[in-house]
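Down below is the structure, laid out as structure tokens.
Numbering (my numbering), first residue to last: 5 to 208.
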């Protein structure tokens, strides 16, 4: 074999070797890139799983709160209706008035105060209207003593209740931010009542 042939073969071998090395480097680079991609995909998957888990937890918390609120609302509705029914029966059994029986009057007053503390502004508005209609919150008729009861935010405006409430007795009650807009409060008794923030616009 001539020197030129040998040289040519060496060049071919070198080229083959260089090609093989380049291929190996490319394979290593591809493997590294694939590994990094796999790591990134895994990271993104974990992040997505975390976000999905948090969203699921938040959704479950919202649903649980909604269920609680609904159950609470049903409980308070039932509590209010039960108290109204009980008062109605007592008034009926006592010929339209509880004045003649001081014990029943005191018990009704205590239970009513307890109910007010639980049911919130909207239901408290309904209860006040019932008590007024049942002559249990009318002046000159030995009204229930609501001294100290918190009635913040109730709406007794004329446009809401659609009825007169003259001779209404809320003596001693805490009537913060209550609306009496447009109401006829003639002969009402608000002695010692806290009227901070109360709206008495266009009242008579």
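Each residue gets a CB set at the ideal place from its N, CA and C atoms; glycine is no exception.
query = Apart from the five residues just before and just after residue 119, which ones in its own chain have a Cβ nearer than 6 Å to its Cβ?
reply = These residues qualify, in order along the chain: 87.
task = Let me know if residue 111 comes out buried or exposed under the rule of 16 or more other beta-carbons within 10 Å of its beta-carbon.
result = Exposed is the call here.
query = Going along the chain, which residues of its own chain have a beta-carbon closer than 8 Å to the beta-carbon of residue 108, five neighbours each way excluded?
reply = So the list reads 94, 98, 102, once near-sequence residues are dropped.
task = For residue 10, collect the residues of the same chain with a Cβ closer than 8 Å to its Cβ; drop the 5 residues on either side in sequence, then sort them by chain order.
result = The beta carbon of residue 10 sits closer than 8 Å to none of the beta carbons in its chain outside the five residues before and after it.
ask   = By DSSP, does residue 142 sit in helix, in strand, or in coil?
value = In the three-state DSSP reduction, residue 142 falls in the strand class (E or B).
task = Would you list the residues sitting across from residue 159 in a DSSP beta bridge?
result = Per DSSP, 183.
Beta carbon of residue 84 nearer than 8 Å to that of residue 127 = Contact: yes.
Residue 164 versus residue 52 - alpha carbon distance = In a straight line, the C-alpha of residue 164 is about 50 Å away from that of residue 52.
ask   = Going by other Cβ atoms of all chains shown within 10 Å of its Cβ, with 16 needed for buried, is residue 106 buried or exposed?
value = That one is exposed.
key: Length of the line joining the Cα atoms of residue 37 and residue 67   = Between residue 37 and residue 67, the C-alpha separation is close to 44 Å.
ask   = Quick one, are the C-beta atoms of residue 199 and residue 179 less than 8 Å apart?
value = Yes, these two residues count as a Cβ contact at 8 Å.
ask   = According to DSSP, is residue 27 helix, strand or coil?
value = It is helical.
request  = Starting from the C-beta of residue 117, find all residues in its chain whose C-beta is less than 6 Å away, skip the five residues before and the five after it, and write them out in chain order.
outcome  = Within the same chain, Cβ atoms closer than 6 Å to the Cβ of residue 117 are found at 153, the five residues on either side in sequence being excluded.
task = Rank 170, 156, 155 by C-alpha distance to the C-alpha of residue 162 and give the top, closest one.
result = Measuring from the Cα of residue 162, the nearest candidate turns out to be 170.
ask   = For residue 208 versus residue 183, is the C-beta spacing smaller than 8 Å?
value = Cβ distance not < 8 Å, so residue 208 and residue 183 don't count as in contact.
query = Distance, Cα to Cα, residue 75 vs residue 124?
reply = Going from the Cα of residue 75 to the Cα of residue 124 covers about 15 Å.
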